[in-house]
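Quick note on numbering: the sequence shown equals residues 42 to 156 in our numbering.
This report refers to the structure that appears directly beneath it.
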Amino acid sequence: MSEKVREMICIMCPMGCHLTVKQNGDAVEVTGNSCNRGVVFAKEEITCPKRIVTTSVKTEHGVKSCKTTTAIPKSMIFDCMKEIEKLRLKKVKFGQVIIKNVLNTGADVVVTAND
42 MSEKVREMIC
52 IMCPMGCHLT
62 VKQNGDAVEV
72 TGNSCNRGVV
82 FAKEEITCPK
92 RIVTTSVKTE
102 HGVKSCKTTT
112 AIPKSMIFDC
122 MKEIEKLRLK
132 KVKFGQVIIK
142 NVLNTGADVV
152 VTAND
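Structure representation (structure tokens):
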């Protein structure tokens, strides 16, 4: 199996380290990081990238912002958006859970604004 080399910028802190990631089979080597968070970020980004979903939900007073409480697999973002799109809510408040454990990811969808 041939070695894959990728360049990326770490987004785990304001440092923005320029990482070099070498992957050979299951072995992943990360260089350029200032802290261990860069290693964790790079390995996850290579093996199973995740993102926090930030969007809006329809309410009887218009739309309100919402987001997942933790990152979900990047491959599930559009399915998560479809679940949020199905909702039509009455009054909402900041921090309210509107979908518990969305798509069995362990992440809840919460409102990030008051009505």
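C-beta: ideal position from N, C-alpha, C; glycine also.
Remember, it's a predicted structure, so these values are computed and weren't measured experimentally.
DSSP places E70 in the uninterrupted beta strand (DSSP E) bounded by A68 to T72. A direct Cα-to-Cα measurement between T146 and K84 gives close to 19 Å.
In this model, I118 and N142 are separated by some 14 Å (Cα to Cα). Straight-line measurement puts the Cα of V138 at about 14 Å from the Cα of T95. Around the CB of N74, 16 or more other CB atoms lie within 10 Å, so the residue is classed as buried. DSSP links R47 through a beta bridge to V62. Look at L128 here: in three-state DSSP terms it is coil, with no helix or strand label. The region 52 to 61 makes no contact with the region 102 to 112; the number of CB pairs closer than 8 Å stays below 3. The Cβ neighbour count for I125, taken over all protein chains shown within 10 Å, is at least 16; the residue is labelled buried. Taken atom to atom, the span from the alpha-carbon of C89 to that of K115 is near 8 Å. By DSSP's assignment, C89 forms no beta bridge with any residue.
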